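In my numbering, the protein residues as written are 4 to 119.
Laid out in structure tokens, this is it:
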């Protein structure tokens with residue numbers, strides 16, 4: 004094969020992070036605390052307070068629900084003329100001490116352009 008192959012563990016962690024960030028607490032049967040409350044930040048102004056609160060919420064969710072990694076940093080950026088916020092999670096896998104990242108698009112104004 005050509006190129007760099009990602010280990011199964013790294014892909015499992017990425018998938019776990021996507022699921023964690025996409026799940027609202029209370030949606031999982033038997034695990035009511037599992038998930039991340041990022042949806043609470045929809046329709047808020049994109050400012051420093053928003054970024055700090057979003058980072059704290061993501062860091063908390065990862066701390067309690069994804070023990071295979073240590074979060075090194077979380078970057079929150081908003082491309083020009085976009086309703087999406089890019090959340091980039093920089094992390095270190097504890098088992099292998101390898102660094103990786105995940106970019107998660109978060110749509111803060113999704114569905115606001117609906118016309119009847």
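Yeah, the Cβ is synthetic: ideal placement off N, Cα and C, and Gly gets one too.
All figures in this text were calculated on a predicted structure; none of them were measured in a lab.
Might you give, ordered along the chain, the residues of its own chain that have their beta carbon closer than 7 Å to the beta carbon of residue i, omitting 5 neighbours on each side?
{"i": "residue 35", "result": "28, 29"}
{"i": "residue 53", "result": "44, 47"}
{"i": "residue 76", "result": "93"}
Between the C-alpha atoms of residue i and residue j, what's the straight-line distance to the nearest angstrom?
{"i": "residue 22", "j": "residue 100", "result": "23 Å"}
{"i": "residue 14", "j": "residue 49", "result": "30 Å"}
{"i": "residue 17", "j": "residue 66", "result": "15 Å"}
{"i": "residue 106", "j": "residue 32", "result": "27 Å"}
{"i": "residue 102", "j": "residue 95", "result": "4 Å"}
Between the Cα of residue i and those of the options, spot the shortest distance and give me the residue it belongs to.
{"i": "residue 62", "options": "32, 93, 86", "result": "93"}
Considering residue i, what are the terminal residues of the beta strand (DSSP E) in which it resides?
{"i": "residue 97", "result": "From DSSP, residue 97 is part of no beta strand (DSSP E); its letter is neither H nor E."}
{"i": "residue 102", "result": "101–110"}
{"i": "residue 73", "result": "72–80"}
Kindly provide the ranges of any beta strand (DSSP E) runs that are 3 or more residues long and lie completely inside the region 20–57, ordered along the chain.
The region 20–57 contains no whole beta strand (DSSP E) run of 3 or more residues.
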